[in-house]
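Numbering (this note's numbering), first residue to last: 25 to 481. By construction, the Cβ of each residue, glycine as well, lies at the ideal position given by its N, Cα and C atoms. Quick notes on the structure that follows.
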Ligand SMILES: [Zn+2]
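If you want it as structure tokens, here you go:
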């Protein structure tokens, strides 16, 4: 069934995020602030849910319920205070998702039964849930009643960033949009789950940990995802986790460009056939997403300046330990020092921009110099779709930084006279932002361009 397939996909992915999010970082409880809310008024009138559980056993488990959620854990350990805190947070997330983000409560509530959350001690054969013939992990999945459930390792139940991520999956689960079941929309489930948790907990050092990936493989299209990798596409940690990292771009859109967060969540309940990215583009409107994406790319090239320095350093440190394909790095398609290109430069097919991605050219200057930059975008992508490019230059020296907008003509040409002082480095950011929102055929469509830098002698 459609829904089960979707849940299954999410299940597999959240196992990934548990590795990605949690293996490197010990949980710092001082960073994890419990959410406190006034329980929704409706709770006083709806404490009438029935227990319907495929896995729970009231003789073996302790339980605690608040609102429409029921948590189960092996009764040989006392988790009640931690579970109580977690339930308060989950209800706070539900309030936000339903009242502010246009999402819907899980079907369990509509059917009058509790949403089951199973807390387990993975790897401990004495644990009731671990002892069942079921592999519980850190995920939202489905049960035999065709209803969603959540499973959480006991040591993550007060890791509220993780709980927020998983809870957001619960509210995605009732989505009614055929477009959200397309392979090219699947990246959006993990990206928005991390987006939700990062907006909620923006100051945690381990938030935004995918930052490094976004500038190491900037040419990857928004919708690159395990389920739609073309034949021969590179594999590895960065490629598999790219969808999580894109939460940073969504965060930039909502928190820095201040787009309405309903634009980000709207595709789930719009009954739309559009992919997630096409819905987002249309919801933001007037082609504004092109400019926002270019701005986000430039800010990411500037060492992800909308994150704290500790967050950025954490993402780099994580990559040093977990990146199994460090040679798969396209941070700069060209790097020059005190010289131009002499001829027109065209990036390789491996590095060139896909749809909704970017390239960066780096130019170091050890002495004050003037350069003439010329850009010519190809009119069409290699599958024939119309191209669109945006250009911005980031100039840095130590802590000093300036952003230069470069106008693009309708024929996708641009020119800029660039003056660099002694010791400055220029990053020419080329964003490919065509009105293309899904794969065509079995490959990602490339949108190529040429660029020339002439140094004035
Ligand atoms: Zn997830």
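With residue 427 and residue 456 assumed to form a contact (beta carbons below 8 Å), what rounded beta-carbon distance in angstroms separates them?
The pair is not a contact, with the Cβ atoms about 19 Å apart (cut-off 8 Å).
Classify residue 359 as helix, strand or coil using the three-state DSSP reduction.
strand
Buried or exposed: where does residue 333 fall if 16 or more other Cβ atoms within 10 Å of its Cβ makes it buried?
Exposed, by the Cβ-count rule.
Say yes only if the C-beta of residue 116 is nearer than 7 Å to one or more non-hydrogen atoms of ligand 1, and no if none qualify.
Outside the cutoff, so no.
So who's on the other strand from residue 437, going by DSSP bridges?
400
Can you find at least 3 beta carbon pairs, one from the region 94-114 and one from the region 140-154, that sit closer than 8 Å?
yes
Could you spell out where the beta strand (DSSP E) holding residue 426 opens and where it closes?
424-430
Hey, which unbroken runs of the beta strand (DSSP E) at 3 residues or more fall wholly within the region 151-219?
Contiguous beta strand (DSSP E) elements confined to the region 151-219 occur at 163-166 and 172-177, taking only those with 3 or more residues.
Below 7 Å, is the gap between the Cβ of residue 189 and the nearest heavy atom of ligand 1?
yes
Could you tell me the distance, in whole angstroms, from the CA atom of residue 238 to the CA atom of residue 251?
19 Å
Could you give the residue range of the beta strand (DSSP E) that holds residue 98?
93-98
Between which two residues does the alpha helix (DSSP H) containing residue 314 stretch?
Start and end: 312-325.
Is the separation between the beta-carbon of residue 430 and that of residue 417 shorter than 8 Å?
yes
Cβ of residue 300 within 7 Å of any heavy atom in ligand 1?
no
Which value, in whole angstroms, describes the spacing of the CA atoms of residue 329 and residue 295?
Rounded to whole angstroms, residue 329 to residue 295 spans 36 Å at the Cα level.
Per DSSP, which residues does residue 144 bridge with? Please list them.
177
Which whole-angstrom value describes the C-beta separation of residue 378 and residue 244, a residue pair presumed to lie in contact below a C-beta threshold of 8 Å?
7 Å
Taking three-plus beta-carbon pairs below 8 Å as touching, is the region 216-229 in contact with the region 248-266?
Taking 8 Å as the limit for Cβ pairs, the verdict is that the region 248-266 does not touch the region 216-229.
For residue 278 and residue 240, I'd like the C-alpha separation in whole angstroms.
23 Å
So for residue 414, helix, strand or coil by DSSP?
strand
Can you tell me the Cβ-Cβ gap for residue 234 and residue 264, rounded? I've got them flagged as a contact below 8 Å.
Wrong, their Cβ atoms sit about 11 Å apart, outside the cutoff.
With respect to the alpha helix (DSSP H) encompassing residue 340, which residues constitute its N-terminal and C-terminal limits?
The continuous alpha helix (DSSP H) containing residue 340 extends over residues 333-346.
Which stretch, first to last residue, makes up the alpha helix (DSSP H) that contains residue 238?
235-240
Reducing DSSP to helix, strand and coil, say where residue 274 ends up.
helix
Secondary structure at residue 56, three-state DSSP: helix, strand or coil?
Residue placement at residue 56 is poorly supported in this model, since its pLDDT is 42, which falls under 50; the coordinates are not used for a value here.
In angstroms with no decimal places, state the Cα-to-Cα distance between residue 499 and residue 90.
Because residue 499 is not part of the residues shown, which for the chain are 25 to 481, the question remains open.
Mapping the DSSP letters down to three states, classify residue 478 as helix, strand or coil.
strand
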